[in-house]
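Participant: In my numbering, the protein residues as written are 1 to 533.
Rendered as structure tokens:
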């Protein structure tokens, strides 16, 4: 059995150019409606009740919800997903991994951790919901309880999201039917049928691809907002939050943001502001929903973070908050390429419809079909540790917000994570060697390692071959950087609402819960501002 880090270096230059044209043709302006613009001059200098930074899984439902009662500006560093075949068509799944990494041009931005693991960030309206595998599954009940959320409001918020962008796969693809049988044969039981809940065993989950294989990102949730109150600014990268000077013992208050054009090299800087309250109203907020890398980066660029680190970049310190950037975590993962028959290599790319939750909710496992060329795919079995203990750190890599920060995840720093990875590798091997899968292979899958000292060889294998599912989180945690209402400690009018606030990754993946959280928190903010509990 062989693990391959999938790359597309063998694709012809002409094919690369075609993909680039497809991915960028509508990114800068395609299908932009009356509330959506890529013209910075139409927005610069204006004021809004709320400013949401980041149009991803959490930011889009948050902005849509708030716009029902207040004026909202949603600022997205990427462009529109609409009309972009690499985003919308499931048959193009995985082609974003081409290294066409021009700022503001394509829907995904690569970054490489200090361990050398390649990862991706969404850079398009919809965020990572525009580039992921599209599998939708809610958080477990224990996650919701630990977060202290209102269970009934959580249920309503999930259902609001699901009414617009989530679909049940009534017919499994032939390969996903094979995967279902293989997981059950390997002991990932029971088979739970279709469910959106996070349950142990094998299940059919929801998807954000509809029956025509068209992707529906979190950007679709903006249609549930009030277009008269909601403005979406594309291709604008936020540099920092603006604050009113503190005085009379008061804390600094956010009053707006400073931003630049995502795809320009000039130094032009623009500003937008929060509306000044009158006697009948209160201040709104700047809400950072820029993702698990973007939000802590913006906090640091705004002077909120470890002062000694900020001073290295000549950033004036505002609030000493050494916890910003600390505790980042990724879920160590492995992916195994199957020796499938030649006929199966012609099937189009496809995400998962089936997921297995095993080892007491500690391992998630499934299979996807991904491209290696314009007309050839491979099938991989992949799994992740869902409850690792190892944590790392995020640091600035300069003062240009378009540059990725430096990230070190410290995979397997905790021995228990390595122990669980060994068991995860064994589970993948069991699935790959089931009769259900072997009947579709050109040759029998060899074992991961052979000979003596199998345990130590598997440990070495995990360290050498760790990859990511992109479910990183945890640098602006509730209780250390933000309070239970996601307000940043030490300042007024600034919140963080995205995966950077999560201690763990919920469910089989965080997408469902991030979209839910945007709706959930938007409702809570409206209720509180209107004087309701």
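C-beta atoms are modelled at their ideal positions from N, C-alpha and C, and glycine is treated no differently.
#1: For the 8 Å Cβ check, are there 3 or more pairs between the segment 55-66 and the segment 214-232?
#2: Would you tell me roughly how many angstroms separate the C-alpha atoms of residue 220 and residue 165, rounded to the nearest one?
#3: Expressed to the nearest angstrom, what Euclidean distance is found between the alpha-carbon atoms of residue 13 and residue 373?
#4: Take the Cβ of residue 121 as the centre, count every other Cβ of all protein chains shown within 10 Å, and call the residue buried at 16 or more, exposed below.
#5: Can you tell me which of the three DSSP states residue 404 falls into?
#6: Mapping the DSSP letters down to three states, classify residue 445 as helix, strand or coil.
#7: Mark residue 383 as exposed unless 16 or more other C-beta atoms lie within 10 angstroms of its C-beta, in which case mark it buried.
#8: Taking the continuous alpha helix (DSSP H) assigned at residue 419, which residues delimit it?
#9: Excluding the five sequence neighbours on either side, which residues of its own chain have a C-beta within less than 8 Å of the C-beta of residue 324, listed in chain order?
#10: What's the call for residue 198, buried or exposed, on a 16-neighbour Cβ count within 10 Å?
#11: Can you list, in chain order, the residues of its chain with a C-beta nearer than 7 Å to that of residue 124? Leave out the 5 residues immediately preceding and following it.
#12: Put residue 64 into one of helix, strand or coil per three-state DSSP.
#13: Report buried or exposed for residue 338, applying the criterion of at least 16 other Cβ atoms within 10 angstroms of its Cβ.
#14: Hey, would you say residue 204 sits closer than 8 Å to residue 211, going by beta carbons?
#15: From this set, 342, 70, 246, 189, which residue's C-alpha is nearest residue 274's C-alpha?
#16: Tell me whether residue 513 sits in a helix, a strand or coil according to DSSP, three-state version.
#17: Considering only residues of the same chain and omitting the five flanking positions on each side of residue 91, which have a CB-CB separation below 7 Å?
#18: Relative to the C-alpha of residue 444, which residue among 341, 291, 508 is closest?
#19: When DSSP labels each residue in this structure, what does residue 535 get in the three-state scheme?
#20: Skipping 5 residues on each side, what residues in its chain have a beta carbon closer than 6 Å to that of residue 526?
#21: Per DSSP, what kind of secondary structure is residue 142 in: helix, strand or coil?
#22: Do three or more CB pairs link the segment 400-412 to the segment 231-246 at distances below 8 Å?
#23: Secondary structure at residue 546, three-state DSSP: helix, strand or coil?
#24: Pick out whichever of 252, 235, 128 has its Cα sitting closest to the Cα of residue 263.
#25: Starting from residue 459 and walking both ways along the alpha helix (DSSP H), at which residues does that stretch end?
#26: Who are the near neighbours of residue 112 in its chain, counting only those whose CB is closer than 8 Å to its CB and skipping five residues on each side?
#27: Contact defined as beta carbons within less than 8 Å: I believe residue 391 pairs with residue 327. What is the distance between those atoms, to the nearest angstrom?
#28: Just tell me which of 132, 388, 189 has its CA closest to the CA of residue 427.
#29: Three or more C-beta pairs under 8 Å: does that hold for the segment 352-359 against the segment 175-191?
#30: Between 468, 332, 311, which has its C-alpha nearest residue 322's C-alpha?
#31: Where does residue 220 fall in DSSP's three states?
#32: Have a look at residue 157 and residue 521 and give me their C-alpha separation to the nearest angstrom.
#33: Using a 10 Å radius around the Cβ and a threshold of 16 neighbouring Cβ atoms, would you call residue 170 buried or exposed?
#34: To which residues of the same chain is residue 524 closer than 6 Å at the C-beta, ignoring the five residues directly before and after it?
#35: With 16 as the cutoff for other CB atoms within 10 Å, does residue 289 come out buried or exposed?
#36: With H, G and I counted as helix, E and B as strand and the rest as coil, what does DSSP make of residue 99?
Facilitator: Here's the rundown:
#1: Yes: the two stretches touch, three or more of their Cβ pairs being nearer than 8 Å.
#2: Here the question's residue 220 lines up with position 220 in the chain shown. Here the question's residue 165 lines up with position 165 in the chain shown. Roughly 7 Å separates the two Cα atoms.
#3: The count along the chain shown starts at 1 and reaches residue 13 at position 13. The count along the chain shown starts at 1 and reaches residue 373 at position 373. In this predicted model, residue 13 has a pLDDT of only 38, less than 50, meaning its place in the structure is not dependable; the value taken from the coordinates is given anyway. Residue 13 and residue 373 have their C-alpha atoms roughly 12 Å apart.
#4: Indexing the chain shown from 1 puts residue 121 at position 121. With 16 or more other Cβ atoms within 10 Å, it is buried.
#5: Taking the chain shown and counting its residues from 1, the one referred to as residue 404 is at position 404. Residue state, collapsed to three classes: coil.
#6: Position 445 of the chain shown holds residue 445. If DSSP states are grouped into helix, strand and coil, residue 445 belongs with coil.
#7: Stepping through the chain shown from its first residue, residue 383 is reached at position 383. Label assigned to residue 383: buried.
#8: Here residue 419 refers to the residue found at position 419 of the chain shown. For residue 419, the uninterrupted alpha helix (DSSP H) run begins and ends at 415-432, by DSSP.
#9: Position 324 of the chain shown, counted from the start, is the residue given in the question as residue 324. Closer than 8 Å at Cβ, skipping near neighbours: 296, 299, 300, 304, 305, 306, 475, 476, 481.
#10: Mapped onto the chain shown, residue 198 falls at position 198. Counting Cβ neighbours within 10 Å, residue 198 comes out buried, since at least 16 surround it.
#11: Stepping through the chain shown from its first residue, residue 124 is reached at position 124. Excluding residues within five positions, the ones whose Cβ falls inside 7 Å are 27, 78, 79, 81, 87, 107, 130.
#12: Here residue 64 refers to the residue found at position 64 of the chain shown. Reduced to three states, the DSSP call for residue 64 is helix.
#13: Within the chain shown, the letter at position 338 stands for residue 338. Looking at its Cβ environment, which holds 16 or more other Cβ atoms inside 10 Å, residue 338 is buried.
#14: Walking along the chain shown from the start, residue 204 turns up at place 204. Walking along the chain shown from the start, residue 211 turns up at place 211. Their beta carbons are not under 8 Å apart, which means residue 204 does not touch residue 211 by this criterion.
#15: Indexing the chain shown from 1 puts residue 274 at position 274. It is 70 whose Cα lies nearest to the Cα of residue 274.
#16: In the chain shown, residue 513 corresponds to position 513, counting from 1. Residue 513 falls in the helix class under three-state DSSP.
#17: In the chain shown, the residue the question calls residue 91 occupies position 91. The residues are 213, 348, 349.
#18: Residue 444 sits at position 444 when you count from the first residue of the chain shown. Closest by alpha carbon: 341.
#19: Beyond the ends of the chain as shown, which are 1 and 533, falls residue 535; an answer cannot be given.
#20: Position 526 of the chain shown holds residue 526. The answer, listed in chain order, is 69.
#21: In the chain shown, the residue the question calls residue 142 occupies position 142. Looking at residue 142 - three-state DSSP - the assignment turns out to be helix.
#22: Cβ pair count under 8 Å is three or more, so yes.
#23: It is not possible to answer for residue 546, since the shown part of the chain is limited to 1 through 533.
#24: Numbered from 1 along the chain shown, position 263 holds the residue referred to as residue 263. With distances taken between Cα atoms, residue 263 lies closest to 235.
#25: The residue labelled residue 459 in the question sits at position 459 within the chain shown. First-last of the alpha helix (DSSP H) with residue 459: 454-465.
#26: In the chain shown, the residue the question calls residue 112 occupies position 112. Contacts found: 118, 119.
#27: Locating residue 391 in the chain shown gives position 391, where the first residue counts as 1. Locating residue 327 in the chain shown gives position 327, where the first residue counts as 1. About 5 Å separates the two Cβ atoms, so the contact holds.
#28: Indexing the chain shown from 1 puts residue 427 at position 427. Answer by Cα proximity: 189.
#29: Yes, the segment 352-359 touches the segment 175-191.
#30: Within the chain shown, numbered from 1, the residue matching residue 322 stands at position 322. Nearest option by C-alpha distance: 311.
#31: Taking the chain shown and counting its residues from 1, the one referred to as residue 220 is at position 220. Assignment of residue 220 by DSSP, reduced to helix, strand and coil, places it in the helix class.
#32: Within the chain shown, residue 157 is the residue found at index 157, counting from 1. Within the chain shown, residue 521 is the residue found at index 521, counting from 1. Going from the Cα of residue 157 to the Cα of residue 521 covers about 9 Å.
#33: Within the chain shown, numbered from 1, the residue matching residue 170 stands at position 170. Of the other Cβ atoms in all chains shown, fewer than 16 fall within 10 Å of the Cβ of residue 170; this residue is therefore exposed.
#34: Along the chain shown, one-based indexing puts residue 524 at 524. Correct list: empty, nothing qualifies.
#35: The residue labelled residue 289 in the question sits at position 289 within the chain shown. By the C-beta density criterion, residue 289 is buried, having at least 16 other C-beta atoms within 10 angstroms.
#36: Within the chain shown, numbered from 1, the residue matching residue 99 stands at position 99. Low per-residue confidence applies at residue 99: pLDDT is 41, beneath 50, and the placement is therefore not dependable, though the value from the model is reported in the following sentence. Correct three-state label for residue 99: coil.
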